[in-house]
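The structure appears below as structure tokens.
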Amino acid sequence: MNDLLCTMPRIPEELPYGFHINWINLVDNDTGEVLWHTNDNYAISGNKFNTITVKIPRKVLDCKALTRTISFTSTHRIDYLKMRHRELVSLQCVHEWVSEFGTVLPDLNETWETTFTHKEGISSSSANCLSGDLVMETSFYNGDKFIGSTKILLYFQ
């Protein structure tokens, strides 16, 4: 009889570190207008494949620059918070980058801003083609250890 026990790792019911997204918004950099805002916690624990569907105004595609702000907290210290961002069209990654935040202290509200610049050939007239086909995926890490992710399927209205 084999004394080795193989077990599947348990997926935590809560995110490691007590990581919580407080809110997310999209702001037009030229006007300062908030084009979209949510107070929903879009951080997903242990499963990178859950997708959240969101409806946002098609005019975000006309912005020269758009800033996404994520407000988050953690009940535990995170020594080296990193985010891996991916844009997927038709499930194909068209853009990917990594951002580094650094240390997150427990129970403090933090914000992280990412500015997206206008892509040539993309405008509100592209909304029908991109709607339901564009996914914004952000994965959160403490160093190289996965914390959670957001995977948002965008519909433009």
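So the mapping is simple: the numbering used here equals the position in the sequence shown, first residue as 1, plus 21.
The C-beta atom is built at its ideal place from N, Cα and C for all residues, glycine as well.
Please read all numbers here as calculations on a predicted model, not as lab measurements.
Local Cβ density within 10 Å of Ala148, reported as buried at 16 or more and exposed below that: By the beta-carbon neighbour count (other beta carbons within 10 angstroms, threshold 16), Ala148 is buried.
Cβ neighbours of Asn68 in the same chain (closer than 6 angstroms, five flanking residues each side left out): Below a pLDDT of 50, predicted positions are generally treated as unreliable, and Asn68, at 49, falls in that range; the measurement from the model is reported next regardless. If we look at Asn68 and ignore the five residues flanking it on each side, it has no Cβ neighbours.
Element boundaries [beta strand (DSSP E), containing Ala86]: Ala86 to Thr94 is the extent of the beta strand (DSSP E) around Ala86.
Paired residues, beta bridge with Thr181 - DSSP: Residue 181 is absent from the structure shown; the chain starts at 22 and stops at 178.
At least three beta-carbon pairs within less than 8 angstroms, the region 114 to 125 to the region 67 to 86: Contact between the region 114 to 125 and the region 67 to 86 is absent, because fewer than three Cβ pairs lie under 8 angstroms.
Closest Cα partner of Thr159 within the set Gly53, Asp51, Leu56 and Ile73: For the residues Gly53, Asp51, Leu56 and Ile73, the minimum Cα distance to Thr159 belongs to Ile73.
Cβ neighbour criterion (16 or more within 10 Å) applied to Leu129: Within 10 angstroms of the beta-carbon of Leu129 lie fewer than 16 other beta-carbons, which makes it exposed.
Per DSSP, the bridge partner or partners of Leu109: Beta-bridge partners of Leu109 (DSSP): Cys114 and Val156.
Secondary structure of Asn68, DSSP reduced to three states: Low local confidence applies: a pLDDT of 49 at Asn68 is under 50, so the model's placement there is unreliable, and no value is given.
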